[in-house]
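Reviewing the structure listed below.
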Amino acid sequence: MKIATYNVNGINGRLPVLLRWLEETTPDVACLQELKAPEEKFPLQAITDAGYNAIWHGQKSWNGVAILAHNMEIQEVRRVLPGDPEDLHSRYIEAIVNGIIIGCLYLPNGNPAPGPKFDYKMDWFKRFTKHAAELYVGKMPVVLAGDYNVIPTELDAYKPERWTEDALFRPETREAFKKLMAQGWTDALRKLHPNETIYTFWDYFRDAYGRNAGLRIDHFLLNPQLDKRLINAGVDMNVRGWEKSSDHGPVWIELAD
DNA sequence: ATGTCCTCTCTTAGAGGA
Numbered sequence: 003m004k005i006a007t008y009n010v011n012g013i014n015g016r017l018p019v020l021l022r023w024l025e026e027t028t029p030d031v032a033c034l035q036e037l038k039a040p041e042e043k044f045p046l047q048a049i050t051d052a053g054y055n056a057i058w059h060g061q062k063s064w065n066g067v068a069i070l071a072h073n074m075e076i077q078e079v080r081r082v083l084p085g086d087p088e089d090l091h092s093r094y095i096e097a098i099v100n101g102i103i104i105g106c107l108y109l110p111n112g113n114p115a116p117g118p119k120f121d122y123k124m125d126w127f128k129r130f131t132k133h134a135a136e137l138y139v140g141k142m143p144v145v146l147a148g149d150y151n152v153i154p155t156e157l158d159a160y161k162p163e164r165w166t167e168d169a170l171f172r173p174e175t176r177e178a179f180k181k182l183m184a185q186g187w188t189d190a191l192r193k194l195h196p197n198e199t200i201y202t203f204w205d206y207f208r209d210a211y212g213r214n215a216g217l218r219i220d221h222f223l224l225n226p227q228l229d230k231r232l233i234n235a236g237v238d239m240n241v242r243g244w245e246k247s248s249d250h251g252p253v254w255i256e257l258a259d
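Listed below in structure tokens is the structure:
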């Protein structure tokens, strides 16, 4: 079973790229972030025609998350991260597909930092960590996939010294990620490629993709039930080079059945 | 500081976000 995560940066502006990627790689499950579309503007017909079922939580202009499944039922569990009824951003959706709990997340960017946006990021991170702990102690296989907006270590940025003040790499951010990982989760890409340079995002500026000046900020966290089933993991880097591409590339894992 | 690209609007230019 292949599960992918892809920050599409606008699902309607990106639809040809998304459909081509789905057709060429056919993931069984695809977690999407940054739909940048309200609920009613989700391109359901095109997704259905591509052979996918979908659940999504849209929002006008910003955020928005979706879970797609190829010829499989999607049982929605929740579409809001618990813990703050005032938080109206569409940044989390969770479902059960083929016996696996899939959490699809778009953690806040948090820039500029420090400031209210960074505070919101850290609050969201805290709530997510609490929810992850509850999922972790459950009996089911769990994967938490998405755009974490976290550069975990120096190995995950082309020039880490340029990012020390940035909300994606500040000590508080890395510390929060460490705390989450300390619950016992496996960073799937890092487990299989411990020393490799792996990027999932390349800025639109200054030909970052051409220079491979990237960041690894999209992650797959697995609980032990899924860790033992992990076979392969990678990034569809070539997709970032397509015309009208997102600034992220799709990331994927393969699990034994 | 800047670069680019998305979406939306007090809409064809500018703002906000990343």
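Per our numbering, the very first residue in the first sequence carries number 3; after that it's consecutive. No residue lacks a Cβ here, since even glycine has one placed at the ideal position from N, Cα and C. Keep in mind that this is a model prediction, so the values were computed, not measured.
Considering only Leu146, Ala115 and Ala68, the residue with the shortest C-alpha distance to Asn225 is Leu146. Secondary structure of Ile104 (DSSP, three-state): strand. Three or more Cβ pairs drawn from the stretch 89-108 and the stretch 136-145 lie within less than 8 Å of each other, which places the two stretches in contact. Residue environment analysis places Ala6 among the buried positions, since at least 16 neighbouring C-beta atoms fall within 10 angstroms of its C-beta. Two segments are said to touch when three or more pairs of C-beta atoms, one from each, lie closer than 8 Å; by this definition the stretch 193-205 does not touch the stretch 109-123. Taking Lys62 as the centre and dropping the five residues before and after it, the same chain places the C-beta of Pro40 closer than 7 Å to its C-beta, in chain order.
Taking the Cβ atoms as the reference, Glu36 lies roughly 12 Å from Asn14, outside the contact range of under 8 Å. Bounds of the alpha helix (DSSP H) holding His133 are Pro118 to Tyr138.
DSSP, read as helix, strand or coil, puts Ala115 in coil. Taking all protein chains shown into account, Ala159 has 16 or more neighbouring C-beta atoms within 10 Å of its C-beta and is therefore buried. In this structure, the alpha-carbon of Leu21 lies about 8 Å from that of Ala48.
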